[in-house]
Amino acid sequence: MTDHSATRPLSPLERRTLAQLLACDFPGVQELRNQLPETRVTGQWGAESPSVDLEVPADIPAAQIEDGIIPATGTVTDDSGQLFGELLVWVSGGRLSALEFSWYGDTAPTELPDPGLVTVTVQ
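Each residue of the sequence shown is one higher than the one before, counting from -18 in the working numbering.
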């Protein structure tokens, strides 16, 4: 059983970001979508990082998908349309395991981007 005192629910922006990245079709995506309601944040990648580790309860069905980054990537631009970074979803054992916001340049993001600045593509 998970110790929920050491975890927290997804924030509305984290949930919206994950849903946006899982809106594309690829093998295993429906099972990953079904995991969202029970997904919890287990840790942050740094004190001000928007990237987080995730946990899905073992009784939620796993997706038949390889460990690693899902095929959908969110390309992030800034308000002026310049490329800023990308959003990646990690899976381990068929379960959502992390949401990563990687960036290009010197200034690290401290929050997830506005969904309107994200373009999702499947590779």
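Just so you know, even glycine gets a beta-carbon here, dropped at the ideal spot from N, CA and C.
Taking the C-beta atoms as reference points, residue 2 is found nearer than 8 Å to residue 53. The C-alpha of residue 65 lies about 28 Å from the C-alpha of residue 9. Rounded to whole angstroms, residue 79 and residue 72 show a C-alpha spacing of 7 Å. For residue 26 and residue 37, the gap between their C-alpha atoms comes out near 18 Å. One thing to note: residue 103 has its Cβ within 8 Å of the Cβ of residue 7.
The stretch -8 to 55 contains, as complete beta strand (DSSP E) runs of 3+ residues, the segments 21 to 25, 33 to 36 (chain order). Rounded to the nearest angstrom, the Cβ distance from residue 21 to residue 35 is 7 Å, consistent with a contact under 8 Å.
Around the beta-carbon of residue 12, 16 or more other beta-carbon atoms lie within 10 Å, marking it buried. Per the coordinates, the alpha-carbon of residue 94 lies some 14 Å from the alpha-carbon of residue 33. Separation of residue 47 and residue 15 (C-alpha to C-alpha, rounded to the nearest whole angstrom) is 17 Å. Bridge partners of residue 73 according to DSSP: 76.
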